[in-house]
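Per the working numbering, the sequence shown starts with residue 1, numbered consecutively.
Beta carbons are placed, not taken as given, at the ideal position from N, Cα and C, and that holds for glycine.
See structure below.
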Amino acid sequence: MAVDNMLSEIPFRGQIILAQQDGDGVVRVALKPVCENLNLDYSAQYRRLQRQGWATIAIMATVGTDGRTRDMVTIDRRTFTMWLATIDTARIKNPQAKQLILTYQNEAADALDAYFNEGGALRVGEQDTDMDIMARALLIAQHTIERKNQRLAQATATITVLEPKARTLDVLTSVEGTYSVADAAKLLSNDTGLTVGRDRLFTFMAQLGWIYRDAGTRSWKAYQRQVENGRLEMKTHVKHGTDQQGRTFPFPPTIRVTGKGLADLHRRLVDRGNQWPAAKDACVRLSASQS
1 MAVDNMLSEI PFRGQIILAQ QDGDGVVRVA LKPVCENLNL DYSAQYRRLQ RQGWATIAIM
61 ATVGTDGRTR DMVTIDRRTF TMWLATIDTA RIKNPQAKQL ILTYQNEAAD ALDAYFNEGG
121 ALRVGEQDTD MDIMARALLI AQHTIERKNQ RLAQATATIT VLEPKARTLD VLTSVEGTYS
181 VADAAKLLSN DTGLTVGRDR LFTFMAQLGW IYRDAGTRSW KAYQRQVENG RLEMKTHVKH
241 GTDQQGRTFP FPPTIRVTGK GLADLHRRLV DRGNQWPAAK DACVRLSASQ S
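Written out as structure tokens, the structure is:
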């Protein structure tokens, strides 16, 4: 399915709804910004949606107005409408907050339709004068022009940001063989301008859900899925160690980063910028990042 991953900023009651429309015409709304607009706890609402069989949730790589790519939880228009309808306003004590939620429940879906249908939502009532109709038509035309200009600006910014990335990724992906984590860290440091470092790269890959620490040996190991998809390899040692009793033992296999893995790490590091994970072992597998 073709996906337009550039977010559109839709004005609504003095706020902004972030949404996008894919190549099949499906409108998806960014969940977290709406929760912030409504002063709702995002994590609680996300968990609530995950429990609903009717909810369609997708974690998508979206390009913001600054041209940077971010992973964002989105829900489609149908889920968005049903989710709003299930918010119990009787439990909201603040009158202004309650009224805002009611406004979203009554009008937000129409605002999405009016924005993405580009003029298809012009409604005319019997009480409307010619001036009323013309004013609404001009407003829709203005929104259409603003949307076109916004998408053009986003596309230009995205091209500017992605062109050097694409050249680097082409080079990294075409590399044959594998690299130790230490060597991969040096290559990534040279190209991204970040001080990556071997230990930091181990931590980063663990937080991505690529690797974990073996409970027995305390050595790093790659998850099987990352080996199968070609990002990482596990290399066995030819040499063996000797313990204090003179007995030989095999060294644990070590992680090697492939060209594909190097390119993927480069993309994620550049997108993250200077926002580094905490400098500690990250041994929890993050299932949302393993695709």
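If we count the other Cβ atoms within 10 Å of its Cβ and call it buried at 16 or more, is I59 buried or exposed? For the purposes of this step, residue 59 is taken as residue 59 along the sequence shown, with counting starting at 1. With fewer than 16 other Cβ atoms within 10 Å, it is exposed.
I'd like the list of long-range same chain contacts for F12, defined as Cβ closer than 7 angstroms, with 5 residues on each side in sequence excluded. Position 12 of the sequence shown holds residue 12. Beyond the five residues adjoining it in sequence on each side, F12 comes within less than 7 angstroms, by CB distance, of A108, A111 in the same chain, given in chain order.
Where S8 falls, given that 16 or more other Cβ within 10 Å makes a residue buried: Taking the first residue of the sequence shown as position 1, residue 8 is located at position 8. Buried, since its Cβ has 16 or more Cβ neighbours within 10 Å.
What would DSSP say about T203, mapped onto helix, strand or coil? Along the sequence shown, one-based indexing puts residue 203 at 203. T203: helix per DSSP, three-state reduction.
Closer than 8 angstroms by C-beta to P33: which residues in its own chain qualify, once you throw out the five before and the five after it? Chain order, please. Translated into positions along the sequence shown, residue 33 becomes position 33. Answer for P33: I16, I17, L18, listed in chain order.
Buried or exposed: which applies to W54, given that a residue is buried once 16 or more other Cβ atoms fall within 10 Å of its Cβ? Here residue 54 refers to the residue found at position 54 of the sequence shown. Its Cβ having fewer than 16 others within 10 Å, W54 is exposed.
With C-beta atoms as the reference, is T258 less than 8 angstroms away from R225? Sequence index remark: in the sequence shown, residue 258 carries index 258 (1-based). Sequence index remark: in the sequence shown, residue 225 carries index 225 (1-based). No. Outside cutoff.
Quick one, are the C-beta atoms of Q105 and L84 less than 8 angstroms apart? Along the sequence shown, read from residue 1 onward, the residue named residue 105 stands at position 105. Along the sequence shown, read from residue 1 onward, the residue named residue 84 stands at position 84. Between Q105 and L84, the C-beta spacing is below 8 angstroms.
What is the DSSP secondary structure of S219, reduced to helix, strand or coil? If you number the sequence shown from 1, residue 219 lands on position 219. It is coil, neither helix nor strand.
Please determine, among R198, S219, P253, the residue with the shortest C-alpha to C-alpha distance to K235. In the sequence shown, residue 235 corresponds to position 235, counting from 1. Measuring from the Cα of K235, the nearest candidate turns out to be P253.
Report all residues from its chain with a CB closer than 7 angstroms to the CB of D130; omit the five preceding and five following residues, and keep chain order. Start at 1 with the first residue of the sequence shown, and residue 130 comes out as number 130. Closer than 7 angstroms at the Cβ level, and outside the excluded window around D130, lies no residue.
Status (buried if at least 16 other CB within 10 Å, exposed otherwise) for F80: The residue given as residue 80 occupies position 80 in the sequence shown. Result: buried.
Same chain only: Cβ atoms within 6 angstroms of A30, ignoring 5 sequence neighbours per side: Translated into the one-based positions of the sequence shown, residue 30 becomes position 30. These residues qualify, in order along the chain: L18, M72, T74.
Check the C-beta distance from A185 over to G197 and give it rounded, since I have them as a contact under 8 angstroms. Position 185 of the sequence shown holds residue 185. Position 197 of the sequence shown holds residue 197. Going by Cβ atoms, the distance from A185 to G197 rounds to 6 angstroms, so yes, they are a contact pair.
Starting from V73, follow the beta strand (DSSP E) in both directions and report where the run begins and ends. Taking the sequence shown and counting its residues from 1, one reaches residue 73 at position 73. Here the beta strand (DSSP E) through V73 covers 69-76.
Out of L265, R213, Q50, L38, which one is the CA nearest neighbour of I92? What you label residue 92 is simply residue 92 of the sequence shown in a count that begins at 1. Measuring from the Cα of I92, the nearest candidate turns out to be L38.
By a C-beta neighbour count over all protein chains shown, 10 Å radius and 16 as the cutoff for buried, is F251 buried or exposed? Reading the sequence shown from its first residue, position 251 is the one you call residue 251. F251 should be labelled exposed.
Are the beta-carbon atoms of V181 and F202 separated by less than 8 angstroms? Locating residue 181 in the sequence shown gives position 181, counting from the first residue. Locating residue 202 in the sequence shown gives position 202, counting from the first residue. Closer than 8 angstroms, so yes.
Helix, strand or coil: how does DSSP classify F251 here? Counting from one through the sequence shown, the residue named residue 251 turns up at place 251. Coil at F251, not helix or strand.
Give me the Cα-Cα distance between Y292 and R218, rounded to the nearest whole angstrom. No answer is possible for residue 292: the residues shown for the chain start at 1 and end at 291.
Give every residue of the same chain whose Cβ lies closer than 7 angstroms to the Cβ of G261, excluding the five residues on either side of it in the sequence, and list them in chain order. Here residue 261 refers to the residue found at position 261 of the sequence shown. The beta carbon of G261 sits closer than 7 angstroms to the beta carbons of R231, L232 from its chain, once the five residues preceding and following it are set aside; these are given in chain order.
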